[in-house]
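Residues 1348 to 1704 (my numbering) are what the sequence shown spells out, left to right. Using N, Cα and C, we set each Cβ at its ideal position, and we do this for glycine too.
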Amino acid sequence: MRPIPRRSFLQKTALATLAGVSLPTLLPATHTRSADNVVLGHNSHRYRVVPNWGVLDAGKNPVNDCHEMVEDAKSRIFLLTNETKNNVLIYDKSGKLLDSWGTTYPGAHGLTLVNEGGEQFLLISDNARRQVIKTDLKGRELMKIDYPRETGVYAHPGEFTPTETAVNPANGDIYVADGYGANYVTQYDAKGRYIRHFGGKSTEAAETGKFDCCHGVLVDTRNKSNPTLLVTDRRHNCLKRFTLDGKYLATIDLPGSYICRPVLHGDYLFGAVFRSTSDAYPNSGYIQILDRNDRVVSTPGGSAPIYENGKLQEQRKDRSFMGIMHPHDVHVDNDESLYVAQWASQKTYPVKLERIA
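The structure is reproduced here in structure tokens:
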């Protein structure tokens, strides 16, 4: 995640105030709760905050930005951070550190688990190295995907800043989202050979096939006969659905929510919203949960989802619990607990939310 400078935030706030523009509102912090006995979420998806899960000795195993998390077949949870003393921290579900590795990923940002022929691998999107790197679960590098020269839309490698990948489980195709670069999604086969690209940068919401920060990507396999691709359009507060060959299908509007990437678990989509109402307002993030009809059913850390005439109303931060600041990813385990990795959140370790309903 690229930091938004404090000076820029203050300047925007001052200008808005001088211009008489009302600033985005958050739910009032009538009281701020500690992590003890905190319950978050709504309706059928409510969670208890697990205090101090995964907290380590920062002198031995520090984190900077905690960007993404995945879980392997042995129920080990892999956390990716851009702290080069240990880019990957491996936990068990109790929060105990099992292992760590990685010192060469200064822009470690996206983490995807890949299943190939009974083995599992990782795809790391590094936006400083401007590469996607495939590794085994011990950190040995196996393949690198550099800037997509074959597309003809990149003049030089500096225009490519990948944020996330997704893999089609049916054939191993890899989709790379260039969320901090030219905003194209590029499709490769399992060997890293170019197939096609689509998208591109646009600040106009009406240009449905383009993006203003295609930060995350997911192959949605809930419809087994017709899987699709979901791509975050973060600054437009939405997810966009495409065919697997890049043809636009639909938009899922999420007003007020700057969502990072969609994560699939069972029939539900989960997404970490790093900021709400405006991407200039800090510590305003939460988690969103959508059902298979693309309706938000719960927002742990945020306001309750309200629909009027079939349209979701703008959501905002619930400031009564501020342990969730800038969520960047959410992992869901088989017990349906959530693990929240956070960007620019005082170098905190992940937050675990245990499902209670």
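Original post:
By Cβ distance below 8 Å, which residues in the same chain neighbour I1703 in space, the five residues on each side in sequence not counted?
Top reply: To locate residue 1703, count along the sequence shown from 1; it is residue 356. So the qualifying residues of the chain are V1386, R1393, Y1394, R1395.
Subject >> Residue burial classification, H1414 (beta-carbon count within 10 angstroms, cutoff 16) >> reply: Here residue 1414 refers to the residue found at position 67 when the sequence shown is read from its first residue. Looking at its Cβ environment, which holds 16 or more other Cβ atoms inside 10 Å, H1414 is buried.
**OP:** Grab me the residues of E1511's own chain with a C-beta within less than 6 Å of its C-beta, minus the 5 sequence neighbours each way, in chain order.
**Re:** Taking the sequence shown and counting its residues from 1, one reaches residue 1511 at position 164. G1457, S1472, A1524, G1563, V1564, R1608.
**OP:** Decide if T1579 is buried, meaning its Cβ has at least 16 other Cβ atoms within 10 Å, or exposed.
**Re:** On the sequence shown, position 232 is the one that residue 1579 refers to. Answer is buried; the Cβ neighbour count reaches 16.
**OP:** Tell me whether the beta-carbon of V1410 lies closer than 8 Å to the beta-carbon of E1430.
**Re:** The sequence position of residue 1410 within the sequence shown is 63, counting from 1. The sequence position of residue 1430 within the sequence shown is 83, counting from 1. Their beta carbons are under 8 Å apart, which means V1410 touches E1430 by this criterion.
Subject >> Cutoff 7 Å; reference Y1595; Cβ partners in own chain excluding five residues on either side >> reply: For the purposes of this step, residue 1595 is taken as residue 248 along the sequence shown, with counting starting at 1. T1555, G1556, K1587, F1589.
**OP:** Starting from the C-beta of H1675, find all residues in its chain whose C-beta is less than 8 Å away, skip the five residues before and the five after it, and write them out in chain order.
**Re:** Looking up residue 1675 in the sequence shown gives position 328. M1348, D1412, C1413, H1414, E1415, C1607, A1619, F1621, A1688, Q1689, W1690.
Original post:
Which value, in whole angstroms, describes the spacing of the CA atoms of G1546 and K1407?
Top reply: Here the question's residue 1546 lines up with position 199 in the sequence shown. Here the question's residue 1407 lines up with position 60 in the sequence shown. Distance between the alpha carbons of G1546 and K1407: 42 Å.
Original post:
Smallest Cα separation from I1636: which of P1697, F1617, A1651, I1653?
Top reply: Along the sequence shown, read from residue 1 onward, the residue named residue 1636 stands at position 289. Of the listed residues, the one whose Cα sits closest to I1636 is F1617.
Original post:
In three-state terms, what does DSSP make of G1457?
Top reply: Translated into the one-based positions of the sequence shown, residue 1457 becomes position 110. G1457: strand per DSSP, three-state reduction.
Original post:
Going by beta carbon distance, what residues of the same chain come within less than 7 Å of D1467, once the five residues before and after it are set aside?
Top reply: Working through the sequence shown from its first residue, we reach residue 1467 at position 120. The sequence shown places Gln at residue 1467, rather than the Asp named in the question. Here the set comprises D1419, A1420, L1460, V1461, L1484.
Subject >> Sheet register partners of I1437 (DSSP bridge) >> reply: Locating residue 1437 in the sequence shown gives position 90, counting from the first residue. I1437 is bridged to F1425, D1446.
Original post:
Are there 16 or more other CB atoms within 10 angstroms of the CB of I1480, so buried, or fewer, so exposed?
Top reply: Walking along the sequence shown from the start, residue 1480 turns up at place 133. Buried.
Original post:
Starting from Y1633 and walking both ways along the beta strand (DSSP E), at which residues does that stretch end?
Top reply: Within the sequence shown, the letter at position 286 stands for residue 1633. Per DSSP, Y1633 belongs to the beta strand (DSSP E) from 1633-1637.
Original post:
Who are Q1693's beta bridge partners in DSSP?
Top reply: Taking the first residue of the sequence shown as position 1, residue 1693 is located at position 346. DSSP, once it has assigned bridges, lists no residue as partnering Q1693.
Subject >> Cα-Cα separation, L1577 to T1498 >> reply: By one-based count along the sequence shown, residue 1577 stands at place 230. By one-based count along the sequence shown, residue 1498 stands at place 151. About 21 Å.
**OP:** Would you tell me roughly how many angstroms separate the C-alpha atoms of T1568 and Y1452, rounded to the nearest one?
**Re:** To locate residue 1568, count along the sequence shown from 1; it is residue 221. To locate residue 1452, count along the sequence shown from 1; it is residue 105. Rounded to whole angstroms, T1568 to Y1452 spans 30 Å at the Cα level.
**OP:** Let me know if I1671 comes out buried or exposed under the rule of 16 or more other beta-carbons within 10 Å of its beta-carbon.
**Re:** As a working mapping, residue 1671 is identified with position 324 in the sequence shown. I1671 comes out buried.
Original post:
Going by alpha carbons, who is nearest to G1388 out of Q1693, R1496, S1684?
Top reply: In the sequence shown, residue 1388 corresponds to position 41, counting from 1. Ranking the options by Cα distance to G1388, first place goes to S1684.
Original post:
So Y1394 is in the beta strand (DSSP E); what residue range does that whole segment cover?
Top reply: What you label residue 1394 is simply residue 47 of the sequence shown in a count that begins at 1. Here the beta strand (DSSP E) through Y1394 covers 1392-1397.
Original post:
Would you say Y1452 touches the ligand HEM, meaning its beta carbon is less than 7 Å from a heavy atom?
Top reply: The ligand HEM is not among the ligands present in this structure, which contains no ligands whatsoever.
Original post:
Can you give the Cα-Cα distance for I1521 and E1463, rounded to whole angstroms?
Top reply: In the sequence shown, residue 1521 corresponds to position 174, counting from 1. In the sequence shown, residue 1463 corresponds to position 116, counting from 1. Computed Cα separation, rounded: 12 Å.
Subject >> Where R1702 falls: helix, strand or coil (DSSP) >> reply: Taking the sequence shown and counting its residues from 1, the one referred to as residue 1702 is at position 355. The answer is strand: DSSP assigns R1702 an E or B state.
**OP:** Let me know if R1581 comes out buried or exposed under the rule of 16 or more other beta-carbons within 10 Å of its beta-carbon.
**Re:** Position 234 of the sequence shown, counted from the first residue, corresponds to residue 1581. Label assigned to R1581: buried.
**OP:** Measure the Cβ-Cβ separation of P1574 and H1544 and say whether it is below 8 Å.
**Re:** Along the sequence shown, one-based indexing puts residue 1574 at 227. Along the sequence shown, one-based indexing puts residue 1544 at 197. Contact: no.
Original post:
From N1433 to K1699, what distance separates their C-alpha atoms?
Top reply: On the sequence shown, residue 1433 is found 86 positions in, with the first residue counted as 1. On the sequence shown, residue 1699 is found 352 positions in, with the first residue counted as 1. When rounded, the distance between both Cα atoms is 21 Å.
**OP:** Taking all protein chains shown into account, decide if A1455 is buried (16 or more other Cβ within 10 angstroms of its Cβ) or exposed.
**Re:** Looking up residue 1455 in the sequence shown gives position 108. Buried: at least 16 other Cβ atoms inside 10 Å.
Original post:
Which residue's Cα is closest to the Cα of R1476: G1657, E1506, Q1534, R1642?
Top reply: Numbered from its first residue, the sequence shown carries residue 1476 at position 129. For the options G1657, E1506, Q1534, R1642, the alpha carbon positioned closest to that of R1476 is the one of E1506.
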